[in-house]
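For reference, the structure discussed in these notes is given below.
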Amino acid sequence: MPLIALTGGIASGKSTIARRLTEHGAVVVDADALVREVQTPPSHVLDLIAAEFGAGIVGPDGALDREALGRAVFGDPDALARLNEIVHPAVRELSARRFAEAFARDPRAVVVYDVPLFVEARVDGPWDLVVVAHAPAAVRRDRLVSERGMTAEDAARRIAAQAPDAARLAVADVVVDTAGSLSHTIEQVDELWRRVRS
Ligand SMILES: CC(C)(COP(=O)(O)OP(=O)(O)OC[C@H]1O[C@@H](n2cnc3c(N)ncnc32)[C@H](O)[C@@H]1O)[C@@H](O)C(=O)NCCC(=O)NCCS
Ligand SMILES: Nc1ncnc2c1ncn2[C@@H]1O[C@H](COP(=O)(O)OP(=O)(O)OP(=O)(O)O)[C@@H](O)[C@H]1O
Numbered sequence: 001m002p003l004i005a006l007t008g009g010i011a012s013g014k015s016t017i018a019r020r021l022t023e024h025g026a027v028v029v030d031a032d033a034l035v036r037e038v039q040t041p042p043s044h045v046l047d048l049i050a051a052e053f054g055a056g057i058v059g060p061d062g063a064l065d066r067e068a069l070g071r072a073v074f075g076d077p078d079a080l081a082r083l084n085e086i087v088h089p090a091v092r093e094l095s096a097r098r099f100a101e102a103f104a105r106d107p108r109a110v111v112v113y114d115v116p117l118f119v120e121a122r123v124d125g126p127w128d129l130v131v132v133a134h135a136p137a138a139v140r141r142d143r144l145v146s147e148r149g150m151t152a153e154d155a156a157r158r159i160a161a162q163a164p165d166a167a168r169l170a171v172a173d174v175v176v177d178t179a180g181s182l183s184h185t186i187e188q189v190d191e192l193w194r195r196v197r198s
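For the sequence shown, counting from 1, position 84 maps to 84 in full-length UniProt numbering; every step adds exactly one.
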């Protein structure tokens, strides 16, 4: 039955942790995927985004131009706040539905919500555990540059658009140290799984 929130800054290793938990049998609900789902046309959320940020934010195929919207919001806190106000309520509703569906299918399921903006969006819920993936911002910035091809400036803007490490650590029940080797991360996740399953 446990409902677990998994958060961490960008490139902190949440996906790595979520994948390992899936291998153990957890049901992972991915907030980034829910964001994409509520933005896929036909979509009331997409209509609101176009009304707020201009029709140029929607490509010729009718889909959201993510790069253009990213340029508009990362680096402009007011614009980002307006985007969040449009997107987050829809994601909140959809996530609650997904948790309920997972527990209806299997009341003993371990459901993990992979949610980057747990702190920023004040995502509330009856969490049994809050797990924070933690690697210092400098490590995450280097990963964004070397592995995702971002410029150092883009990486810094994305990181600055999120809560500081201390704010996430303050709400953690469990911290997974993701600054070391991948096998060190996996070992900690396996330990976490034993704890939630015992
Ligand atoms: C601005 C958008 C179009 C950029 O799309 P893009 O494909 O470049 O990035 P993607 O969605 O894959 O996000 C990658 C990472 O960026 C960070 N990020 C995304 N949105 C935000 C945000 N609103 N505030 C801070 N960080 C964010 C997160 O760490 C996320 O995991 C998109 O991120 C978006 O619509 N964001 C608003 C909704 C949101 O809050 N998403 C975060 C998940 S809860
Ligand atoms: N010890 C580690 N634990 C986890 N990931 C690591 C570690 N060392 C290096 N990495 C790398 O760091 C990157 C983390 O990216 P990942 O997609 O897992 O992060 P994320 O938190 O899900 O990011 P996002 O917020 O952008 O969705 C991966 O490329 C992963 O291989």
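Even for Gly, the Cβ is constructed at its ideal location relative to N, Cα and C.
Cβ contact check for the stretch 5-13 and the stretch 125-137: 3 or more pairs under 8 Å: A contact exists between the stretch 5-13 and the stretch 125-137.
DSSP state of G149 mapped onto helix, strand, coil: Looking at G149 - three-state DSSP - the assignment turns out to be coil, as it is neither helix nor strand.
CA nearest to the CA of A156, picked from V145, D165 and A166: Per the Cα distances, V145.
Limits of the alpha helix (DSSP H) - the one that G70 falls within: In the DSSP assignment, G70 falls within the unbroken alpha helix (DSSP H) covering R66 to V73.
Candidates R140, E147 and H88, of which the one nearest R158 by Cα: In terms of CA proximity to R158, R140 leads the group R140, E147 and H88.
Proximity of F74 and A167 at Cβ, strictly below 9 Å: For F74 and A167, no; Cβs fall outside 9 Å.
Cβ shell of L94 (< 8 Å), same chain only, five flanking positions each side left out: Excluding residues within five positions, the ones whose Cβ falls inside 8 Å are L34, E37 and V38.
Distance cut-off 8 Å: T178 Cβ against heavy atoms of ligand 2: With a cutoff of 8 Å, T178 counts as near ligand 2, since its C-beta is closer than that to a heavy atom of the ligand.
H134: CB within 8 Å of a non-hydrogen atom of ligand 1: Flag unset: Cβ of H134 not near ligand 1.
Proximity test, A18 beta-carbon vs ligand 3 heavy atom, cut-off 8 Å: Summarising the ligand content, the structure contains ligand 1 and ligand 2 and does not contain ligand 3.
Expected contact under 8 Å - CB spacing of A68 and I86 to nearest Å: That belief does not hold up - the Cβ atoms of A68 and I86 are roughly 16 Å apart, past 8 Å.
For D47, the first and last residue of its enclosing alpha helix (DSSP H): For D47, the enclosing alpha helix (DSSP H) has its first and last residue at H44 to F53.
S43 versus R66 - alpha carbon distance: Their backbone Cα atoms lie some 15 Å apart in a straight line.
Same chain, Cβ closer than 8 Å to M150, neighbours up to 5 away in sequence not counted: Excluding sequence neighbours, M150 sits near L144 and R158.
Any non-hydrogen atom of ligand 1 closer than 8 Å to H88 Cβ: Answer for H88: yes, Cβ within range of ligand 1.
Exposure label - P126; buried when at least 16 CB within 10 Å: Burial call: exposed.
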